[in-house]
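Which chain is which? The protein sequence lines are A and B, in order. The numbering of the first sequence is this note's numbering, which starts it at 1 and goes up by one. The numbering of the second sequence is this note's numbering, which starts it at 1 and goes up by one.
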Amino acid sequence: MSEVTKINRRQFMKTSAMAGGGLLLACHIPLSRREAFSADGSNFAPNAFLRIGSDDSVTVIVNKSEMGQGVYTSLPMLIAEELCCDWKNVSYQPSPVAPEYNHAQFGPMMVTGGSNSVHSEWERLSLAGAAAREMLIAAAAQQWQVEPFLCRAENGFVYGPGDKKLNFGKLAAKAAKLPVPNKPKLKPGAKNLLGKPLHRLDSPVKINGTAIFGIDVSGPGVLNAVIARPPVFGGKVRSFEAAKALAVPGVKQVVAVDAGVAVVADGFWPALKGRDLLKIVWEEGEGAKVSTAAIREEYAVLAATPGLVARRDGDAPKVLSAVKQRIEADYEVPYLAHAPMEPLNCFVDLKKNSCLIRTGSQSQTADRNAAARVAGLKPEQVTLETTFLGGGFGRRASTGSDFVVEAVQVAKAVRMPVKVIRTREDDMRAGYYRPMWFDRLSACLDNKGMPLAWHHRIVGQSILAGTPFESGMVKGGIDDTSVEGAANMLYAIPNLQVELHSPRNAVPVLWWRSVGHSHTAFVMESFLDELAHAAGKDPYQYRRLLLSKHPRPMKVLETAAKKAGWGKPLRKGHGQGIAVHESFGSFVAQVAEVSLDSKGAIMVHRVVCVIDCGRIVNPDTIKAQMESGITFGLSAALYGAITLKNGRVEQGNFHNYQLVRMEVMPKVEVHIISSVEPPGGVGEPGLPPIAPAVANALFAVSGARVRSLPMTPEKIKAELVRLTDSKKI
Amino acid sequence: MIVFHVNGEKRQVDVSPDTPLLWVLRENLGLSGSKFGCGAGLCGACTVHIDGKPERSCITPVGDVQGKKVLTIEGIPENNPIKKAWLSREVSQCGYCQPGQIMSAVALLKKKPKPTDADIDSAMSGNLCRCGTYGRIRHAIHDAAGEWEDNP
């Protein structure tokens with residue numbers, strides 16, 4: 001158990017003890033601003049994560065944001081398993097922002113990210129369920145005047161000697177008066193719920209239109225606002241003319257905020273119409289000089305110079321300088337927008353001494369504190385309620401709380417409840433992208449064809465520099481998220497060096513699903529394929545030889561190859577590519593089968609995906625997250641790129657920032673390795689291997705090695721032309 | 001005053017006729033199940049049926065639906081085979097695009113009760129899902145097609 005987990009365990013017990021000490025009726029657990037405990041004590045809330053009603057209802061208070069990954073089901077399963085309640089009676093409720101709900105590992109804040117909701121909450125929620133079960137059993141034992149060890153809990157009842165039996169609801173009030181056990185014992189033996197593909201508790205509301213996302217928040221008198229934003233990053237309003245906008249029926253106010261000029265109206269449409277009629281003179285500043293073409297040139301120059309060393313085994317530069325034959329390649333990936341289907345938005349009701357925020361946040365404590373600073377209130381005067389998130393992917397864990405701050409500024413200016421909505425173009429152009437990266441690699445092989453030295457130089461912006469996370473996660477100038485996946489590579493290479501340059505520029509960057517791995521896996525797994533082919537070896541067998549000391553990635557790799565029929569004849573014109581990568585405590589291997597269509601575009605027909613994520617909660621959720629990561633990664637592999645010219649983002653909507661659609665979606669098969677290892681993540685690890693698996697399959701089928709994402713028909717064609725030309729020579 | 005039917009009920013609204021139907025449904029009629037995703041008919045999150053046909057409500061001026069029948073996600077009964085299949089296949093992830101996906105799928109089955117994969121590609125490729133639920137949607141539509149003929 002880590003030190004952090006130990007500390008949090010103590011804190012949890014302290015909280016629980018307070019709960020059992022009679023404070024329950026005093027409503028110590030801040031469930032929701034609209035709800036309080038019933039004064040008769042019929043609700044039993046042994047800790048901050050659980051409430052049992054006299055009607056047998058079991059409400060699990062979930063401190064993680066639901067953004068598709070299924071936490072409103074997986075986290076209740078952890079509690080219900082130990083509580084031994086009837087799963088049919090379980091429901092979820094999003095937690096408020098309070099210290100009890102802080103992340104169990106990331107420090108004093110409520111945050112959802114890093115694919116570690118299950119990993120970080122496993123122990124705390126299991127203990128929460130176990131503590132409540134012991135209290136219910138103790139209550140029953142007291143009532144029956146028998147020893148507790150003669151009683152047991154099962155499926156929502158406590159059973160005692162003879163045919164004694166009481167449902168949890170009947171015991172709740174009595175249990176609430178008992179002390180919380182200091183060291184609740186987890187139940188031994190087989191699991192009832194964990195490992196079963198239970199249906200998601202949030203599915204019904206998501207298919208009948210009643211699930212409330214941030215954009216759906218409404219109420220009497222709530223105004224809508226859209227913000228005219230500067231055309232370049234860092235731009236400021238010099239002056240604006242609002243008369244025409246104010247003449248649009250429904251437009252109430254036009255106000256300047258840091259993000260631009262906000263048009264506030266009694267509906268989204270009049271606000272948008274008003275915004276179109278604003279005349280704004282912008283102070284563009286240095287931002288107007290930014291272009292991705294120039295950034296690329298700068299990165300290429302940097303890639304020729306030594307960077308900070310993130311990993312050094314042996315002496316790769318020396319070995320490489322001494323050999324005649326080196327394999328060298330440059331890899332590139334672009335800026336990427338998260339593009340959640342629900343554009344960013346935030347509702348704010350700011351009063352003199354209080355502020356209510358309702359939004360889909362992944363980073364509630366930071367957003368609440370940022371809101372308090374803007375509003376001039378104390379953090380505890382700000383209530384932040386988490387709605388459903390129409391996709392998060394890291395974008396709703398904004399290191400600068402951008403979408404919350406701007407909404408509070410608008411609310412402060414208009415003094416009315418207001419909801420700021422970004423249009424798709426706002427969402428795509430207002431920044432926070434996966435960084436653009438330029439990678440230079442050099443390697444040489446030994447006399448058996450295996451890698452003797454590997455030198456990997458990475459150039460790109462740090463997403464943590466200048467944020468509150470910098471002090472904790474940037475060490476010796478190296479942002480761990482810039483080199484993750486590369487600096488901790490598992491392949492057995494005696495001389496290995498990974499270096500990093502972290503240039504700065506005006507383009508705002510942020511974590512994007514699978515963070516550094518979204519880039520490093522593509523580069524490393526593609527380049528390793530190049531080495532295998534240079535050695536004349538099968539890329540799958542080559543990886544096996546390099547992973548012989550690592551049974552977990554070996555097993556997913558071998559299983560993927562087997563399930564995909566690696567090496568067996570394929571349809572004419574089809575090729576297979578393989579990739580394996582560790583991220584967020586899980587190991588994933590994928591085999592992609594691709595062909596080229598008549599226009600030279602990649603068609604991905606089938607993806608076989610194998611994951612070892614340690615102990616599992618809900619296998620169907622794991623499958624869904626693998627399908628999800630693959631689709632998300634495929635959009636990046638085939639289409640995704642945010643480019644800037646004269647400081648302007650050139651993409652704005654789904655016509656020029658394309659996503660995978662139904663007609664191009666491959667068949668995906670997911671296999672889960674049975675494991676007793678500690679739980680790993682599932683939300684992100686499915687993504688990293690897909691781009692290299694597709695790139696490697698493209699090479700297998702066409703001979704084209706595309707080292708730059710996205711793999712567009714133009715790039716593939718150019719590479720094929722180059723190959724033809726080089727053969728002629 | 002613009003008058004039209006929504007989910008079988010006559011409704012009237014006093015808004016500028018160029019207001020997209022989506023915002024009238026969401027803001028004036030309190031039906032927030034239809035979602036805003038792109039504002040340009042590119043993502044399908046706002047899909048509703050107008051006189052039985054799937055349309056993008058984010059680019060449909062409400063003036064154009066005068067006298068017409070609009071069906072939204074809120075008007076699809078719980079026992080609809082598509083909804084049931086969506087649950088049994090556990091399609092939803094973040095769920096934001098699903099109302100639009102379901103409206104497109106219901107329209108498909110109304111037109112073609114036994115769609116092929118190519119029919120599904122053609123009917124559903126206008127509905128984006130960032131979470132990647134396409135595979136499950138395909139399965140769910142095939143499942144629902146089996147039941148559709150008995151219970152359309």
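Ideal Cβ positions, reconstructed from N, Cα and C, are used throughout, including at glycine. This one's a predicted model, so the numbers in the text were calculated from it and none came from an experiment.
| If we ignore side chains and look at the alpha-carbon of each, how far apart do residue 176 of chain A and residue 46 of chain A end up? | If you number the first sequence from 1, residue 176 of chain A lands on position 176. If you number the first sequence from 1, residue 46 of chain A lands on position 46. Spanning the two alpha carbons is a distance of roughly 7 Å.
| said: Please classify residue 12 of chain A as buried or exposed, where buried requires at least 16 neighbouring CB atoms within 10 angstroms. | reply: If you number the first sequence from 1, residue 12 of chain A lands on position 12. Below a pLDDT of 50, predicted positions are generally treated as unreliable, and residue 12 of chain A, at 35, falls in that range; the measurement from the model is reported next regardless. With 16 or more other Cβ atoms within 10 Å, it is buried.
| field | Exposed unless 16 or more other CB atoms sit within 10 angstroms - verdict on residue 91 of chain A | value | As a first step, residue 91 of chain A must be located in the first sequence, where it is residue number 91. Result: exposed.
| field | Rounded separation between residue 5 of chain B and residue 67 of chain B - CA only | value | One-based indexing of the second sequence puts residue 5 of chain B at position 5. One-based indexing of the second sequence puts residue 67 of chain B at position 67. C-alpha separation (whole angstroms): 7 Å.
| Nearest-angstrom Cα distance between residue 345 of chain A and residue 297 of chain A? | For this step, residue 345 of chain A is matched to residue 345 along the first sequence. For this step, residue 297 of chain A is matched to residue 297 along the first sequence. Cα to Cα, residue 345 of chain A sits roughly 35 Å from residue 297 of chain A.
| task | Run down chain A in chain order and give the residues with a C-beta less than 7 Å from the C-beta of residue 66 of chain B. | result | Sequence index remark: in the second sequence, residue 66 of chain B carries index 66 (1-based). Simply none; closest approach about 17 Å.
| Looking at the structure shown, is residue 388 of chain A part of a helix, part of a strand, or coil, going by DSSP? | In the first sequence, counting from the first residue as 1, residue 388 of chain A sits at position 388. Strand.
| request: Give a yes or no on whether the minimum CB-CB distance between residue 23 of chain B and chain A is below 8 Å. | output: The residue you call residue 23 of chain B lines up with position 23 of the second sequence. So, interface residue.
| Are the Cβ atoms of residue 420 of chain A and residue 406 of chain A separated by less than 8 Å? | Reading the first sequence from its first residue, position 420 is the one you call residue 420 of chain A. Reading the first sequence from its first residue, position 406 is the one you call residue 406 of chain A. Yes, Cβ-Cβ distance for residue 420 of chain A and residue 406 of chain A is below 8 Å.
| message | Is residue 560 of chain A near the ligand PLP - that is, is its Cβ less than 7 Å away from at least one heavy atom of it? | response | As presented, the structure is devoid of all ligands, the ligand PLP included, so that no description of it is given.
| message | Quick check: residue 102 of chain A and residue 58 of chain A, are their CB atoms within less than 8 Å of each other? | response | Sequence index remark: in the first sequence, residue 102 of chain A carries index 102 (1-based). Sequence index remark: in the first sequence, residue 58 of chain A carries index 58 (1-based). Going by C-beta atoms, residue 102 of chain A is not nearer than 8 Å to residue 58 of chain A.
| Are the CB atoms of residue 84 of chain A and residue 133 of chain A nearer to each other than 8 Å? | For the purposes of this step, residue 84 of chain A is taken as residue 84 along the first sequence, with counting starting at 1. For the purposes of this step, residue 133 of chain A is taken as residue 133 along the first sequence, with counting starting at 1. Contact flag set, yes.
| query | Quick one: which chain B residues come within Cβ less than 9 Å of residue 423 of chain A? | reply | Taking the first sequence and counting its residues from 1, one reaches residue 423 of chain A at position 423. In chain order: 36, 38 and 39.
| So is residue 50 of chain B in contact with chain A if we call contact Cβ pairs under 8 Å? | The residue you call residue 50 of chain B lines up with position 50 of the second sequence. No, residue 50 of chain B does not count as interfacial toward chain A.
| In chain B, what lies closer than 9 Å to residue 403 of chain A by C-beta? | In the first sequence, residue 403 of chain A corresponds to position 403, counting from 1. The premise fails here: residue 403 of chain A is roughly 15 Å from chain B at the closest Cβ pair, so nothing lies under 9 Å.
| field | Cβ pair count under 8 Å reaching 3, the region 700-714 of chain A against the region 319-331 of chain A | value | yes
| query | Looking at the structure shown, is residue 626 of chain A part of a helix, part of a strand, or coil, going by DSSP? | reply | Numbered from 1 along the first sequence, position 626 holds the residue referred to as residue 626 of chain A. DSSP places residue 626 of chain A in helix when its eight states are reduced to three.
| Does the region 60-73 of chain A come close enough to the region 343-363 of chain A that 3 or more CB-CB pairs lie under 8 Å? | yes
| CB residue 578 of chain A to CB residue 486 of chain A, shorter than 8 Å? | Here residue 578 of chain A is taken as the residue at index 578 of the first sequence, counted from 1. Here residue 486 of chain A is taken as the residue at index 486 of the first sequence, counted from 1. No; because the gap between Cβ atoms is not below 8 Å, this pair is not in contact.
| query | Hey, is residue 32 of chain B's beta-carbon within less than 8 Å of any beta-carbon in chain A? | reply | Taking the second sequence and counting its residues from 1, one reaches residue 32 of chain B at position 32. Cβ-Cβ to chain A under 8 Å: yes for residue 32 of chain B.
| task | Compare the Cα-Cα distances from residue 72 of chain B to each of B:49, B:90 and B:81 and report the closest residue. | result | As a working note, residue 72 of chain B is residue 72 in the second sequence. Among B:49, B:90 and B:81, the Cα nearest to that of residue 72 of chain B belongs to B:49.
| When A:107, A:356 and A:77 are compared against residue 473 of chain A, the one with the closest alpha-carbon | Here residue 473 of chain A refers to the residue found at position 473 when the first sequence is read from its first residue. Nearest C-alpha to residue 473 of chain A: A:107.
| task | Taking residue 750 of chain A and residue 61 of chain A to be in contact with their CB atoms under 8 Å, please state how far apart those CB atoms are, rounded to whole angstroms. | result | As displayed, chain A neither begins before 1 nor continues past 729, which places residue 750 of chain A out of reach and without an answer.
| If you count every other CB in all the chains shown that lies within 10 Å of the CB of residue 387 of chain A, and 16 or more means buried, which is it? | Locating residue 387 of chain A in the first sequence gives position 387, counting from the first residue. Counting Cβ neighbours within 10 Å, residue 387 of chain A comes out buried, since at least 16 surround it.
| said: So residue 501 of chain A and residue 260 of chain A are supposed to be a Cβ contact under 8 Å. How far apart are they, rounded? | reply: The residue you call residue 501 of chain A lines up with position 501 of the first sequence. The residue you call residue 260 of chain A lines up with position 260 of the first sequence. In fact, because the Cβ distance is near 33 Å, the residues do not count as touching under 8 Å.
| query | Okay, do the region 208-224 of chain A and the region 33-51 of chain B touch, 3+ Cβ pairs below 8 Å being the bar? | reply | yes
| field | Rounded straight-line distance, which links the Cα of residue 312 of chain A to that of residue 549 of chain A | value | Taking the first sequence and counting its residues from 1, one reaches residue 549 of chain A at position 549. Taking the first sequence and counting its residues from 1, one reaches residue 312 of chain A at position 312. Distance between the alpha carbons of residue 549 of chain A and residue 312 of chain A is about 19 Å.
| message | Using 8 Å as the threshold, is the C-beta distance between residue 633 of chain A and residue 672 of chain A below it? | response | Numbered from its first residue, the first sequence carries residue 633 of chain A at position 633. Numbered from its first residue, the first sequence carries residue 672 of chain A at position 672. Not closer than 8 Å, so no.
| Nearest-angstrom Cα distance between residue 116 of chain B and residue 626 of chain A? | By one-based count along the second sequence, residue 116 of chain B stands at place 116. By one-based count along the first sequence, residue 626 of chain A stands at place 626. C-alpha separation (whole angstroms): 26 Å.
| query | Is the Cβ of residue 347 of chain A closer than 8 Å to any Cβ of chain B? | reply | As a first step, residue 347 of chain A must be located in the first sequence, where it is residue number 347. No, residue 347 of chain A lies away from the interface with chain B (no Cβ there is under 8 Å from its Cβ).
| In this structure, what does DSSP give as the bridge partners for residue 91 of chain A? | The count along the first sequence starts at 1 and reaches residue 91 of chain A at position 91. Answer is A:59.
| request: Using a Cβ-Cβ cut-off of less than 9 Å, give me the residues of the region 185-214 of chain A that come near chain B, in sequence order. | output: 197, 199, 200, 202, 203, 204, 205, 206, 207, 208, 209, 210, 211, 212 and 213
| Near residue 184 of chain A, which residues of its chain fall below 7 Å by C-beta distance, leaving aside the five closest residues on each side in sequence? | Numbered from 1 along the first sequence, position 184 holds the residue referred to as residue 184 of chain A. Counting only Cβ-Cβ distances below 7 Å, and skipping sequence neighbours, we find 127, 130, 131 and 134.
| field | Residue-chain proximity (residue 668 of chain A, chain B), Cβ-Cβ < 8 Å | value | Translated into positions along the first sequence, residue 668 of chain A becomes position 668. Yes - at least one Cβ of chain B is within 8 Å of the one on residue 668 of chain A.
| Interface positions of the region 264-275 of chain A facing chain B (Cβ-Cβ less than 9 Å), listed along the chain | 266, 267, 268, 269, 270, 272 and 273
| request: Compare the C-beta of residue 12 of chain B against all C-beta atoms of chain A and say whether one is closer than 8 Å. | output: Residue mapping note: residue 12 of chain B aligns to position 12 of the second sequence, counting from 1. By this cut-off, residue 12 of chain B is not an interface position.
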